[in-house]
């Protein structure tokens with residue numbers, strides 16, 4: 444099972460500033476170690492939902508950095524709204540995590 | 271194997287719509303995500319091919335796309351790229367690192383409720399222009415920013 448994501452969602456006005464940090468090796472398939480080439484292993488799809496409604500549907504290549512960062516802004520959000528993030532990688536691994544929108548400082 | 275193929279053919283002829291989609295090459299086997307991963311686009315090595323595979327036509331240069339990325343990236347493995355699109359009804363933001371072996375880095379579909387903004391970090395093999403294409407109301411807009419890379423991030 445993949446490691447949990449770190450998600451922060453902070454309200455700024457009526458927009459939630461969502462910052463997501465995923466844990467994933469994002470192997471390009473070209474990196475070599477003493478035991479040979481490390482096979483391609485990367486997140487292909489990321490879906491961000493706001494109270495169950497998809498707001499962002501992303502497709503990625505192996506060119507996204509290791510332990511990927513993603514920032515999005517969700518309009519019309521309120522404190523306590525649910526933000527959930529799901530990623531799927533090229534080996535079929537999946538991970539979903541959810542946070543509630545927090546009040547901005 | 272033969273048997274499987276026969277079953278598949280039988281099934282698909284029973285559902286004409288599915289057969290038509292499969293014939294058009296839109297149905298990708300093993301895809302479990304909402305929108306099927308654009309294999310042809312992600313495996314293209316030339317920017318022109320990517321644009322063709324993503325259906326990008328009639329590109330318009332736009333100053334309403336703001337690319338926030340460093341002028342000089344010391345570490346090509348982590349190049350922060352943020353895109354803000356002030357174009358109304360921004361539906362899609364595409365990030366392309368032109369000199370990467372596979373230039374298409376990411377494509378973001380923004381639904382109702384998302385601002386025209388994404389921020390991420392990408393790998394860049396060498397100094398290159400970062401090209402951002404924004405789809406809004408069915409039209410395509412473009413902006414680029416040059417990023418100098420001192421140590422490549424594709425090893």
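Chains as they are written, first to last, in our numbering: chain A, 444 to 548; chain B, 271 to 425. Note that the Cβ used here is the ideal one computed from N, Cα and C, for glycine as well.
- For the 7 Å CB-CB criterion, residue 335(B) and residue 413(B) form a contact.
- Of the candidates 307(B), 415(B), 381(B), the residue whose Cα lies closest to the Cα of residue 366(B) is 415(B).
- A residue is called buried once 16 or more other Cβ atoms fall within 10 Å of its Cβ, and residue 501(A) is buried on that count.
- At a cut-off of 7 Å between beta-carbon atoms, residue 320(B) makes no contact with chain A.
- CA-to-CA, the gap between residue 477(A) and residue 382(B) works out to about 48 Å.
- For the 7 Å CB-CB criterion, residue 390(B) and residue 513(A) form a contact.
- When CB distances to chain A are screened at a threshold of 7 Å, the residues of the segment 383-395 of chain B falling below it are 383, 384, 385, 387, 388, 389, 390, 391, 392, 393, in chain order.
- Using beta-carbon distances, residue 503(A) counts as an interface residue toward chain B, with a partner under 7 Å.
- With respect to chain A, the C-beta atom of residue 359(B) has no partner C-beta closer than 7 Å.
- The residue among 493(A), 456(A), 485(A) with its C-alpha nearest the C-alpha of residue 541(A) is 493(A).
- When DSSP reads this structure, residue 310(B) sits in no beta bridge, so it has no partner.
- Around residue 308(B), the beta-carbon contacts reaching into chain A at under 8 Å are 502.
- The DSSP-derived three-state label of residue 345(B) is strand.
- Contact between residue 491(A) and residue 528(A) holds, with the beta-carbon distance rounding to 5 Å and staying under 8 Å.
- If you draw a straight line from the Cα of residue 371(B) to the Cα of residue 387(B), it is about 26 Å long.
- Along the segment 337-371 of chain B, going in chain order, the ones with a CB nearer than 8 Å to a CB of chain A are 347, 348, 349, 350, 352, 367, 370, 371.
- Using a CB distance below 9 Å, the part of the segment 468-502 of chain A facing chain B consists of 469, 471, 473, 474, 475, 487, 488, 489, 490, 491, 493, 496, 497, 498, 499, 500, 501, 502, ordered along the chain.
- Distance between residue 472(A) and residue 346(B), taken at the CA atoms: about 16 Å.
- In terms of beta-carbon proximity, residue 379(B) lines the interface with chain A, with at least one pair separated by less than 7 Å.
- The C-beta of residue 399(B) comes no closer than 7 Å to any C-beta of chain A.
- Rounded to whole angstroms, the Cβ separation of residue 533(A) and residue 466(A) is 16 Å, and the two are not in contact under 8 Å.
- Taking C-beta separations shorter than 7 Å and ignoring five residues to either side along the sequence, the partners of residue 421(B) in its chain run 344, 345, 346, following chain order.
- Cβ-Cβ separation between residue 508(A) and residue 469(A): approximately 6 Å, consistent with a contact (criterion under 8 Å).
- The segment 321-367 of chain B contains, as complete beta strand (DSSP E) runs of 3+ residues, the segments 335-338, 342-345, 349-355, 360-367 (chain order).
- Interface with chain B (7 Å Cβ-Cβ cutoff): residue 449(A) is excluded.
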